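As structure tokens, the structure follows; a few thoughts come after it.
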DNA sequence: GTTGGCGTATTTTTT
DNA sequence: ATACGCCAAC
């Protein structure tokens with residue numbers, strides 16, 4: 111900004127001081143990475159080595175030394191949260207002059223670019239962004255049109271295949287040639303129609319947000335050149351997780367100036383399932399033969415033992431860049447291994463350990479993270495934490511913007527700015543019900559198809575559709591009026607007021623008030639919260655509109671909304687934990703078939719990815735790391751007995767202690783490829799655990815809560831429910847148990863919820879009754 | 001033709 | 001618990 115109007119001498123003096131300040135507090139390697147501002151740079155950085163910090167300081171350094179102006183810098187990150195934090199830190203380092211600097215995820219950055227330039231390839235700036243759910247709807251419509259059995263060929267699966275093709279930049283024609291097997295052939299069959307439907311809806315799916323810019327750059331070299339000149343400095347974080355399209359984009363953007371700086375760790379590549387290509391980072395040096403490569407190998411995060419454990423995990427993998435991690439941190443505690451009887455028992459052991467460390471060692475609840483492989487595992491952990499009133503937050507799973515009631519409102523709003531959005535029309539055209547059933551919708555679609563119109567255009571001409579009864583035409587006409595009326599008010603009313611009026615007149619609010627259940631009340635509150643969110647968004651952003659709100663919101667994940675409110679234990683998948691760190695980390699569910707997931711054990715490359723995931727999880731821990739597994743677990747509706755994970759047989763046992771302080775005893779050969787052993791854990795080593803448990807406690811470093819005299823909670827929650835007790839139900843609210851019948855899975859309670867709702871018979875297995883009072 | 005109730009299958013990770 | 005398909009009643 112103005113500051114750069116100083117004379118050359120004045121500037122260099124001020125710059126020098128600022129630059130020196132930015133370099134202070136970095137180690138020699140980091141400093142070198144920051145100072146290498148000319149030409150391609152790759153920073154290969156282990157976990158906890160301060161790679162994001164290095165990137166941040168490099169950007170600040172560029173600005174402080176006047177090498178680049180903020181608007182000449184773009185940084186692409188993996189999450190919105192990472193971008194936000196990086197931006198804040200750069201601002202703190204250089205003062206306020208960062209306006210015009212682009213920082214965000216690939217997706218959000220290129221969505222923004224498409225908003226400006228998309229008209230050149232036929233997209234209006236109000237394009238809708240389709241999430242997986244919307245895309246699935248489009249696929250389903252395509253399958254139905256072709257009379258393909260959606261039971262056998264699930265829209266989800268088909269979409270995943272199309273998405274993975276798009277990820278690798280394989281177009282419909284090419285895909286048709288390479289499709290193998292029934293499912294792929296069906297995917298190839300609907301792929302062109304899927305693309306056409308999206309185009310007609312003026313919509314982009316997640317993959318398009320990367321592919322369309324490529325198309326734009328290829329068809330309009332002048333546009334590419336404009337951005338190449340604008341962004342003289344390109345930074346990419348988490349480069350190991352870029353896919354083909356992201357790779358192509360980065361090469362194109364870096365094509366002119368070649369000032370590309372990438373940061374990554376091949377050992378932390380965990381998104382291959384999403385098309386991430388580890389080859390991108392492995393081949394950086396051959397892509398840019400004048401690249402400077404800097405290794406950051408010193409770990410500042412974890413204790414020596416944790417690092418040693420992590421090292422022993424990753425060393426099992428064959429393909430990786432040479433790197434040797436080291437730390438000067440203290441040795442720290444042993445990594446603790448805890449075995450549990452069931453997932454409930456596991457959750458309880460974790461919960462007790464957390465409370466114990468909280469009370470005795472003074473850890474804040476913020477210091478804890480419990481990591482697991484699948485979202486479904488959060489349930490039992492939540493139950494245990496809730497029971498003991500330990501505050502927690504769950505990241506992932508169902509986020510605010512994924513709730514049905516929210517998606518309904520968003521669909522209405524999307525229709526206002528982009529009436530061609532067919533997925534949104536289908537979502538809300540008959541919700542709340544207004545007499546436009548399947549048959550009418552089918553006829554609308556057929557008409558659109560025959561006339562080559564979008565769905566909305568067909569609706570506009572509904573009077574011309576003679577297959578429809580007058581009644582149906584009227585119903586559609588009323589819907590059309592509802593949307594058109596509010597679309598015409600886009601310019602005049604404030605976005606939040608308009609949204610409020612629309613959902614009122616659409617009958618959404620009445621629908622939610624129709625039945626007075628707690629569930630509906632919660633939904634109604636959520637909708638109101640969404641309206642407030644719109645108001646807030648408009649207040650915070652300069653050129654905000656419903657259109658920009660919708661596009662921004664489509665790319666939010668709930669990690670991005672999650673503001674750190676209060677002290678809570680964090681529960682999340684291992685994937686979601688990437689880039690984070692916590693003093694105390696639990697990795698739960700270390701069992702064969704779960705972690706590693708069963709399907710991943712076939713393929714060497716997939717097994718290696720699971721192992722990297724374990725590595726990522728372990729290296730999140732700063733001071734204490736707990737590994738847990740259960741001997742049995744409810745999965746797919748039944749209790750299954752579990753063998754502990756092969757990963758536990760591979761790790762360096764010298765840094766691990768069991769709960770009673772023993773060394774970890776391993777069966778190193780158990781999963782060797784040629785052993786062919788299918789022995790169950792029990793057959794193999796029947797007395798292993800009993801021996802351990804019967805042994806007297808030796809010097810135990812981790813103090814266990816069983817010795818603290820606290821109440822023991824037995825491994826059954828449902829026993830608490832008996833005739834006479836008061837319980838709470840998620841839908842019906844509070845009630846009183848009148849009687850009980852049946853046992854085990856069939857156990858049923860008759861509960862009286864007051865005069866309005868009356869008596870309900872509830873299966874304990876499904877209804878989550880919570881005892882109150 | 002539309003709506004709502006019932007039975008059945010469902011869980012990998014995500015921008 | 002939830003989503004979806006199928007079937008019977010309005």
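In my numbering, the protein residues as written are 111 to 883. Using N, Cα and C, we set each Cβ at its ideal position, and we do this for glycine too. None of these values were measured; they are calculated from a predicted model.
Just to check my reading of the structure: residue i and residue j have Cβ atoms closer than 8 angstroms, yes? What is that Cβ distance to the nearest angstrom?
{"i": "residue 271", "j": "residue 294", "result": "6 angstroms"}
{"i": "residue 767", "j": "residue 444", "result": "4 angstroms"}
{"i": "residue 683", "j": "residue 381", "result": "At roughly 12 angstroms, the Cβ-Cβ gap does not stay under 8 angstroms, so residue 683 and residue 381 are not in contact."}
{"i": "residue 412", "j": "residue 369", "result": "Between residue 369 and residue 412 the Cβ distance is about 33 angstroms, and since that is not below 8 angstroms, they are no contact."}
{"i": "residue 546", "j": "residue 535", "result": "Wrong, their Cβ atoms sit about 10 angstroms apart, outside the cutoff."}
Nearest by alpha-carbon distance to residue i: which of the options is it?
{"i": "residue 505", "options": "681, 354, 657", "result": "681"}
{"i": "residue 408", "options": "391, 436, 426", "result": "436"}
{"i": "residue 377", "options": "722, 758, 465", "result": "722"}
{"i": "residue 191", "options": "169, 211, 215", "result": "215"}
{"i": "residue 729", "options": "370, 414, 126", "result": "414"}
{"i": "residue 226", "options": "257, 615, 479, 333", "result": "333"}
{"i": "residue 531", "options": "196, 234, 193", "result": "234"}
{"i": "residue 454", "options": "488, 686, 347", "result": "488"}
{"i": "residue 364", "options": "394, 348, 387, 350", "result": "394"}
{"i": "residue 401", "options": "387, 371, 428", "result": "371"}
{"i": "residue 434", "options": "698, 691, 155, 516", "result": "155"}
{"i": "residue 308", "options": "324, 237, 330", "result": "237"}
{"i": "residue 679", "options": "727, 195, 170, 479", "result": "479"}
{"i": "residue 640", "options": "446, 362, 512, 773", "result": "512"}
{"i": "residue 417", "options": "736, 731, 738", "result": "731"}
{"i": "residue 354", "options": "373, 712, 387", "result": "387"}
{"i": "residue 347", "options": "357, 339, 340, 338", "result": "357"}
{"i": "residue 398", "options": "554, 148, 257, 496", "result": "148"}
{"i": "residue 756", "options": "231, 713, 779, 275", "result": "779"}
Would you mind sorting residue i into buried or exposed? The rule is 16 or more other CB atoms within 10 Å of its CB.
{"i": "residue 484", "result": "exposed"}
{"i": "residue 422", "result": "buried"}
{"i": "residue 246", "result": "buried"}
{"i": "residue 469", "result": "exposed"}
{"i": "residue 134", "result": "exposed"}
{"i": "residue 626", "result": "exposed"}
{"i": "residue 228", "result": "buried"}
{"i": "residue 784", "result": "Here residue 784 scores only 40 on pLDDT, less than 50, and its place in the model should not be relied on; the value that follows carries that caveat. So residue 784 counts as exposed."}
{"i": "residue 786", "result": "The predicted model places residue 786 with a pLDDT of 36, which falls under 50 and marks its position as unreliable; any figure quoted below should be read in that light. Result: exposed."}
{"i": "residue 562", "result": "exposed"}
{"i": "residue 854", "result": "Confidence is the limiting factor: at residue 854 the pLDDT is only 49, short of 50, which leaves the residue's position unreliable, though a coordinate-based value still follows. Exposed is the call here."}
{"i": "residue 604", "result": "exposed"}
{"i": "residue 312", "result": "buried"}
{"i": "residue 606", "result": "buried"}
{"i": "residue 803", "result": "Residue confidence for residue 803 is low, a pLDDT of 31 falling below 50, so the modelled location carries little weight and cannot support an answer."}
{"i": "residue 751", "result": "exposed"}
{"i": "residue 158", "result": "buried"}
{"i": "residue 361", "result": "exposed"}
{"i": "residue 557", "result": "buried"}
{"i": "residue 826", "result": "Confidence at residue 826 is low in this model, with a pLDDT of 34, below 50, so the placement of that residue is unreliable and no value is reported for it."}
Would you mind reading off the limits of the beta strand (DSSP E) that contains residue i?
{"i": "residue 750", "result": "748-751"}
{"i": "residue 271", "result": "It is not in any beta strand (DSSP E) - residue 271 instead sits in the alpha helix (DSSP H) that spans 265-277."}
{"i": "residue 212", "result": "212-215"}
{"i": "residue 69", "result": "An answer regarding residue 69 cannot be provided, because it is not within the stretch 111 to 883 covered by the chain."}
{"i": "residue 890", "result": "The chain is shown from 111 up to 883; residue 890 falls before or after that span and cannot be answered."}
{"i": "residue 370", "result": "370-374"}
{"i": "residue 578", "result": "Here residue 578 belongs to no beta strand (DSSP E), and DSSP marks it neither H nor E."}
What residue range does the alpha helix (DSSP H) around residue i cover?
{"i": "residue 884", "result": "Since the displayed the chain opens at 111 and closes at 883, residue 884 lies outside it and no answer follows."}
{"i": "residue 500", "result": "Element bounds for residue 500: n/a, residue is neither H nor E."}
{"i": "residue 657", "result": "656-664"}
{"i": "residue 96", "result": "Because the chain is modelled from 111 through 883, residue 96 falls outside the range shown and cannot be assessed."}
{"i": "residue 245", "result": "242-255"}
{"i": "residue 557", "result": "548-561"}
{"i": "residue 569", "result": "565-570"}
{"i": "residue 293", "result": "291-310"}
Between residue i and the ligand NAD, is there a pair consisting of the residue's CB and a ligand heavy atom that are separated by less than 7 angstroms?
{"i": "residue 364", "result": "Although the ligand NAD was asked about, the structure shown includes no ligands whatsoever."}
* If you scan the segment 689-747 from start to end, which runs of the alpha helix (DSSP H) of 4 or more residues do you find wholly inside it? -> 714-728
* To do: Note down, one range per segment and in chain order, each beta strand (DSSP E) of at least 3 residues found wholly within the segment 113-196.
  => 151-155, 183-187
* **alpha helix (DSSP H) runs contained entirely in the segment 398-450, provided each spans 4 or more residues** => 414-424
* In chain order, which alpha helix (DSSP H) runs of at least 4 residues are fully inside the segment 315-363? -> 318-329, 331-340
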